[in-house]
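Residue numbers (the UniProt record's numbering), protein chains in the order written: chain A, 1 to 570; chain B, 1 to 570.
Where a beta carbon is used, it is the ideal one built from N, C-alpha and C, also for glycine.
Okay, so here's the structure we're looking at.
Protein chains: 2
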Amino acid sequence: MTTIFDAPEEFASTALAGFCQIYPNHVRLIRNGVVRATTVPKGKVSVVVGGGSGHYPAFAGYVGQGMADAAVAGDVFASPSTAAVARVCRHAHHGGGILLGFGNYAGDVLNFGVAAERLRAEGIDVRIVAVTDDVASAVAGEHAKRRGIAGDFMIFKIAGAAAEAGLSLDDVERVARHANDRTVSFGVAFAGCTLPGANEPLFTVPKGRMALGLGIHGEPGISEQDIASATDLADVLADRLLAEKPPGCTRVAAVLNGLGSTKYEELFVLWTAVQKKLNGAGLEIVQPEAGEFVTSLDMQGCSLTLTWLDEELERYWAAPCDAPAFRRGRPDAAELRADLIVDEEVVPAIPAASEASCKSAACITDLFGEIAAMLKEKEAELGGIDAIAGDGDHGQGMRRGSDAAAKAMAAAVSAGAGAQTTLALGGDAWADRAGGTSGAIWGLLLRSWSNALNDSDAPSDAAIAEAARQALDGVTRLGRARVGDKTLVDSFVPFVDTLTAQTAAGNSAVDAWKSAATASEAAAEATASLTPRLGRARPLAEKSIGHPDPGAISLSMVAQLISGFLARRR
Amino acid sequence: MTTIFDAPEEFASTALAGFCQIYPNHVRLIRNGVVRATTVPKGKVSVVVGGGSGHYPAFAGYVGQGMADAAVAGDVFASPSTAAVARVCRHAHHGGGILLGFGNYAGDVLNFGVAAERLRAEGIDVRIVAVTDDVASAVAGEHAKRRGIAGDFMIFKIAGAAAEAGLSLDDVERVARHANDRTVSFGVAFAGCTLPGANEPLFTVPKGRMALGLGIHGEPGISEQDIASATDLADVLADRLLAEKPPGCTRVAAVLNGLGSTKYEELFVLWTAVQKKLNGAGLEIVQPEAGEFVTSLDMQGCSLTLTWLDEELERYWAAPCDAPAFRRGRPDAAELRADLIVDEEVVPAIPAASEASCKSAACITDLFGEIAAMLKEKEAELGGIDAIAGDGDHGQGMRRGSDAAAKAMAAAVSAGAGAQTTLALGGDAWADRAGGTSGAIWGLLLRSWSNALNDSDAPSDAAIAEAARQALDGVTRLGRARVGDKTLVDSFVPFVDTLTAQTAAGNSAVDAWKSAATASEAAAEATASLTPRLGRARPLAEKSIGHPDPGAISLSMVAQLISGFLARRR
Numbered sequence: 001m002t003t004i005f006d007a008p009e010e011f012a013s014t015a016l017a018g019f020c021q022i023y024p025n026h027v028r029l030i031r032n033g034v035v036r037a038t039t040v041p042k043g044k045v046s047v048v049v050g051g052g053s054g055h056y057p058a059f060a061g062y063v064g065q066g067m068a069d070a071a072v073a074g075d076v077f078a079s080p081s082t083a084a085v086a087r088v089c090r091h092a093h094h095g096g097g098i099l100l101g102f103g104n105y106a107g108d109v110l111n112f113g114v115a116a117e118r119l120r121a122e123g124i125d126v127r128i129v130a131v132t133d134d135v136a137s138a139v140a141g142e143h144a145k146r147r148g149i150a151g152d153f154m155i156f157k158i159a160g161a162a163a164e165a166g167l168s169l170d171d172v173e174r175v176a177r178h179a180n181d182r183t184v185s186f187g188v189a190f191a192g193c194t195l196p197g198a199n200e201p202l203f204t205v206p207k208g209r210m211a212l213g214l215g216i217h218g219e220p221g222i223s224e225q226d227i228a229s230a231t232d233l234a235d236v237l238a239d240r241l242l243a244e245k246p247p248g249c250t251r252v253a254a255v256l257n258g259l260g261s262t263k264y265e266e267l268f269v270l271w272t273a274v275q276k277k278l279n280g281a282g283l284e285i286v287q288p289e290a291g292e293f294v295t296s297l298d299m300q301g302c303s304l305t306l307t308w309l310d311e312e313l314e315r316y317w318a319a320p321c322d323a324p325a326f327r328r329g330r331p332d333a334a335e336l337r338a339d340l341i342v343d344e345e346v347v348p349a350i351p352a353a354s355e356a357s358c359k360s361a362a363c364i365t366d367l368f369g370e371i372a373a374m375l376k377e378k379e380a381e382l383g384g385i386d387a388i389a390g391d392g393d394h395g396q397g398m399r400r401g402s403d404a405a406a407k408a409m410a411a412a413v414s415a416g417a418g419a420q421t422t423l424a425l426g427g428d429a430w431a432d433r434a435g436g437t438s439g440a441i442w443g444l445l446l447r448s449w450s451n452a453l454n455d456s457d458a459p460s461d462a463a464i465a466e467a468a469r470q471a472l473d474g475v476t477r478l479g480r481a482r483v484g485d486k487t488l489v490d491s492f493v494p495f496v497d498t499l500t501a502q503t504a505a506g507n508s509a510v511d512a513w514k515s516a517a518t519a520s521e522a523a524a525e526a527t528a529s530l531t532p533r534l535g536r537a538r539p540l541a542e543k544s545i546g547h548p549d550p551g552a553i554s555l556s557m558v559a560q561l562i563s564g565f566l567a568r569r570r
Numbered sequence: 001m002t003t004i005f006d007a008p009e010e011f012a013s014t015a016l017a018g019f020c021q022i023y024p025n026h027v028r029l030i031r032n033g034v035v036r037a038t039t040v041p042k043g044k045v046s047v048v049v050g051g052g053s054g055h056y057p058a059f060a061g062y063v064g065q066g067m068a069d070a071a072v073a074g075d076v077f078a079s080p081s082t083a084a085v086a087r088v089c090r091h092a093h094h095g096g097g098i099l100l101g102f103g104n105y106a107g108d109v110l111n112f113g114v115a116a117e118r119l120r121a122e123g124i125d126v127r128i129v130a131v132t133d134d135v136a137s138a139v140a141g142e143h144a145k146r147r148g149i150a151g152d153f154m155i156f157k158i159a160g161a162a163a164e165a166g167l168s169l170d171d172v173e174r175v176a177r178h179a180n181d182r183t184v185s186f187g188v189a190f191a192g193c194t195l196p197g198a199n200e201p202l203f204t205v206p207k208g209r210m211a212l213g214l215g216i217h218g219e220p221g222i223s224e225q226d227i228a229s230a231t232d233l234a235d236v237l238a239d240r241l242l243a244e245k246p247p248g249c250t251r252v253a254a255v256l257n258g259l260g261s262t263k264y265e266e267l268f269v270l271w272t273a274v275q276k277k278l279n280g281a282g283l284e285i286v287q288p289e290a291g292e293f294v295t296s297l298d299m300q301g302c303s304l305t306l307t308w309l310d311e312e313l314e315r316y317w318a319a320p321c322d323a324p325a326f327r328r329g330r331p332d333a334a335e336l337r338a339d340l341i342v343d344e345e346v347v348p349a350i351p352a353a354s355e356a357s358c359k360s361a362a363c364i365t366d367l368f369g370e371i372a373a374m375l376k377e378k379e380a381e382l383g384g385i386d387a388i389a390g391d392g393d394h395g396q397g398m399r400r401g402s403d404a405a406a407k408a409m410a411a412a413v414s415a416g417a418g419a420q421t422t423l424a425l426g427g428d429a430w431a432d433r434a435g436g437t438s439g440a441i442w443g444l445l446l447r448s449w450s451n452a453l454n455d456s457d458a459p460s461d462a463a464i465a466e467a468a469r470q471a472l473d474g475v476t477r478l479g480r481a482r483v484g485d486k487t488l489v490d491s492f493v494p495f496v497d498t499l500t501a502q503t504a505a506g507n508s509a510v511d512a513w514k515s516a517a518t519a520s521e522a523a524a525e526a527t528a529s530l531t532p533r534l535g536r537a538r539p540l541a542e543k544s545i546g547h548p549d550p551g552a553i554s555l556s557m558v559a560q561l562i563s564g565f566l567a568r569r570r
């Protein structure tokens, strides 16, 4: 049970602030994250890590000498926004480029991915490593599909040491990928965790049983068995990992991770059995750790992570570091940075635009004003659909996102922005204010759409159709959803296909949009028969059968509104 | 729920072994404890801390440079034996004397106290500081009666730093006592903890409520209220402590301690409110900490500890240290000790004895053989009485203790020991094997009794009566129980009083013992009407009304047996 908070929605940000009050010699607070409080050599590669909150010491507890340069913190179990990732990265960049590390989850892949694209556009070299250590989430041949769990800690420790040693960005990325390729984890849960403000745990495990292959966001595991003795539990954890031991490997880094309510003394008891087991498999264990490294609020359970070492990985695993939650050896003394951190929102310059493009921008802004008004009206309806199998916040996210987009667009138009800039800034505002995966998707959709426009010409119907195609490509490339996954993509694909076909056939924009919106609406309603992809929401998947996907529905609502808007304006 | 273990009775020792496997650069395992793995300057005062297990990082996690030299670990929530304390101290002594630190609980006071007396007899200067920080356990004027909870951490940190700075034993003791006088804690519990192997928590708190003034062994608190917001909880915790702020104090050390299942992010949220509250009271907070420092297995709850600083306390609070569970600053580099630790039981030399004393020793040994046989027979009966309001292990403890005593006595007699030495060694063996408070009491009783005998003369009836008085003094001085507390003292006092009076009146030993045993038996049965003292077992106190105290009963059984033995032998 998570018990201590004032307002549940402020839990993550307040926790981060309190953490920074306790560790002023290690970290400084910025919005949605922390950066090192100590000086860093110019040109050093920066390692920036992050993800949702609720996993302390992941990720802010890793920031310090020899480990991460900064951490981005989303809400509890929710990815930080693209803007948050980008903002923290700008503060953490020392001229050597950035390695972005996070666990392999859809929202994080999306937000860190889009942020990396933004930063690259600003001239910062950014590389991405999504940690994929959880053997329960995909078979050995599909390592890249696995989730990231406690392996985060090993990869970020090793990458941080490589960066501290002065390696180039190419090399830090290579070492981090290599560490990820050689890191495996498996976990068990005895009881679920409870979100701040919730009365019930995200899942339960029957008394006397344990769930195998848990995730760290309330995913309850892939199978179940009776609770085992410490000796048998060591077998359960280690056997799955030892099955993936590379030939010839004799040295291993090991972390026995407690998920929250499994206590240190239990982990120490279990460790004696794990050590015996690993030694019995011919492995020498290098600097093992037992404790809390990646938690899941107050979840009861533990996981074992192994990294198959070679000389290079062992060097960085054993290297000294000094972060709030993890110290090793004696790193060189570091100076506290003397400069103030000015955490102002960067106000991008508005590029010059033609009168025609400004006029289009004003029209787009009017449109988004109507979209915002419509989504405000539909907030409860969308929330209701989402509540059947989700957390019920979809309506709220769409309302907040569209409202922020409309306001940002109006401001851009007042500042003389053209169509491309206006749509892009609207997308960024949507993503930053809406939160969650759907906010990121909508931000990405609008930004991708804007990329096919410009600030000099009034967009042609063909350009708009082309822009829709680009938006879909952006969403599927970074969002990774496919048709049939019961997401917004299910209604977006028929929309774009119809729009493209109708435009190519020479039909008017009004007609093309009308057909596309109709196709989108039909497809959105048809999602009722689908089951979501396996993933975070798996236990809820069956509940959603018979009900449409709220993301697909809201996209088709927006498409319908645009269709009507065009019919009135043309 | 404590879930991971092989055999519950091996939980504490296995956890300690696993801990030492994880921290080989900090600690080395010895029986019932750990000592620093690094070298220590000759003549440095040693700080040895300890208590029951289940409180990690208390106490083994505190062992390292700038903090403790060694830690003694009892079973879960049970004091370590006198022999364990003495053994660990012998390993930790560097010639500068020893400060023994522990929380103020009856079993610890007894075992650490008796161990200190043994060590002093061996020529080691030992001082004792029982931590008394819990404001819920006694009013401000009775600071010395308070329990020790998370204040342990502050006192041991400060005392450890003073010892590391090279202060004399007098000064380390003075600083530790001063720190204890200026340290206060108050805690709340949201849910109880579960012992390894148990199916139910030691106490429960109704949903939505919290218990105020908890202890760290399942003591459920002194009152209850609805769960508060973080801001209100900060008031609940801080107001009680601020009421005891010394006049003029403006600087304070603060620790927000999680009890096991209250997670770091919750503590950080709460910390923001605590900091505001303390600042608002005009206090500057020096190097605060939030995390797990003294836990109670998987208990859900937290406590706030404040130490009112002066210049000297602040210096030692802020000093660098490097222990497995707590590091601060950059202590000087330390070398790993190169020597082996030979953890053999010290076999004491048997002093020469007269033939008469050896004969008495053989007679005493025969007697204890009969006592052991009787207590083996009574094991289930005594266990049954104890199970009504306790953990039901009294019969087992008495059986194990008396059996060990009889065997040790037989060995002593074979080695030519006189009466005093034989009885003393029997007492030590009883305490070491029986475990728990009753084992310590019986060890102390027999050792105190032996002090009035010698190895040269056959003991006179008057000497035996005098010895009984000394044993009672020893038990009440270190055990702190008084008549009416529903303990063994309730039957021991009338026994000794009657024995003394009858002997003084010139009655035969047989008659005197018979009367004394009868008085003891009556008093033991009369304990059925008593309620135990407030303390660890408070929630069970009412259950015990109508049932006699098992310790008083077993003492009267032994007295009866001795009476019969004497009648047969004389």
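Check, Outcome
"Sort out for me which residues DSSP pairs B/Ala68 with in a bridge.", "B/Val63"
"State the start and end residues of the unbroken beta strand (DSSP E) segment that holds A/Phe293.", "Looking at the DSSP string, A/Phe293 is not in any beta strand (DSSP E), and its letter there is neither H nor E."
"Just the Cα atoms here: how many angstroms apart are A/Leu340 and A/Gly18?", "19 Å"
"Taking 9 Å as the cut-off, decide whether the C-beta atoms of residue 577 of chain B and B/Gly97 are in contact.", "Not covered by the structure: residue 577 of chain B. The range shown for chain B is 1 to 570."
"Hey, out of B/Arg327, B/Ser456, B/Gly50, B/Glu377, whose CA is closest to B/Ser354's CA?", "B/Ser456"
"Which residues share a DSSP beta bridge with residue 574 of chain B?", "Shown here, chain B extends from 1 to 570; a query on residue 574 of chain B therefore has no answer."
"Taking DSSP as the reference, what is the three-state secondary structure of A/Phe102?", "strand"
"Is the number of C-beta pairs between the segment 146-165 of chain A and the segment 173-180 of chain A that are closer than 8 Å three or more?", "yes"
"Rounded to whole angstroms, what is the Cα-Cα separation between B/Gly535 and A/Leu241?", "The predicted model places B/Gly535 with a pLDDT of 49, which falls under 50 and marks its position as unreliable, so this point remains unresolved."
"Judging by CA-CA distance, which residue of B/Leu195, B/Glu224, B/Pro196, B/Ala121 is the nearest neighbour of B/Pro206?", "B/Glu224"
"With a cut-off of 9 Å, does the C-beta of B/Lys157 fall near any C-beta of chain A?", "no"
"In the DSSP assignment, what residue or residues form a beta bridge with B/Leu257?", "Checking the displayed sequence, the identity of residue 257 of chain B turns out to be Asn instead of Leu. Paired residues: B/Gly291, B/Ser303."
"From B/Thr500 to B/Ala462, what does the alpha carbon distance come to, in whole angstroms?", "8 Å"
"For the segment 28-60 of chain B, enumerate the residues whose C-beta is nearer than 8 Å to any C-beta of chain A, in chain order.", "Ser53, Gly54, Tyr56, Pro57"
"Report the partner residues of A/Asp400 according to the DSSP bridge assignment.", "For the record, residue 400 of chain A in the displayed sequence is Arg; it is not Asp. Beta-bridge pairing links A/Arg400 to no other residue."
"Residue ranges of each alpha helix (DSSP H) run of no fewer than 4 residues wholly in the segment 230-282 of chain B, ordered along the chain?", "230-242, 264-280"
"Would you mind stating whether B/Glu284 and B/Val236 have Cβ atoms separated by less than 9 Å?", "no"
"Using the beta-carbon of each residue, which ones in chain A are nearer than 7 Å to B/Val269?", "Ile4, Phe5, Phe11, Thr14, Ala15, Gly18"
"Is the segment 40-55 of chain B touching the segment 11-27 of chain B, taking contact as three or more C-beta pairs under 8 Å?", "yes"
"Which residues in the same chain as A/Ala537 place their Cβ atom closer than 6 Å to its Cβ, once the five residues preceding and following it in sequence are excluded?", "With a pLDDT of 40 at A/Ala537, under the threshold of 50, the modelled position of that residue is not reliable, and no figure is offered here."
"Among all the DSSP beta bridges, which residues are the ones paired with A/Gln21?", "DSSP lists no partner for A/Gln21."
"Classify A/Pro550 as buried or exposed, calling it buried when 16 or more other Cβ atoms lie within 10 Å of its own Cβ.", "buried"
"Along the beta strand (DSSP E) that carries A/Val139, what are the first and last residues, could you check?", "Note, A/Val139: premise wrong, no beta strand (DSSP E); not H, not E."
"Would B/Pro201 pass as a contact of B/Gly192 if the rule is Cβ separation under 9 Å?", "yes"
"Could you tell me whether the Cβ atoms of A/Ala429 and A/Gly401 are closer together than 9 Å?", "yes"
"Alpha carbon to alpha carbon, what distance is there between B/Gly280 and A/Leu444?", "45 Å"
"May I have the straight-line CA-CA distance separating A/Ser515 from A/Asp239, to the nearest angstrom?", "56 Å"
"Cβ of B/Ser261 less than 9 Å from any chain A Cβ?", "yes"
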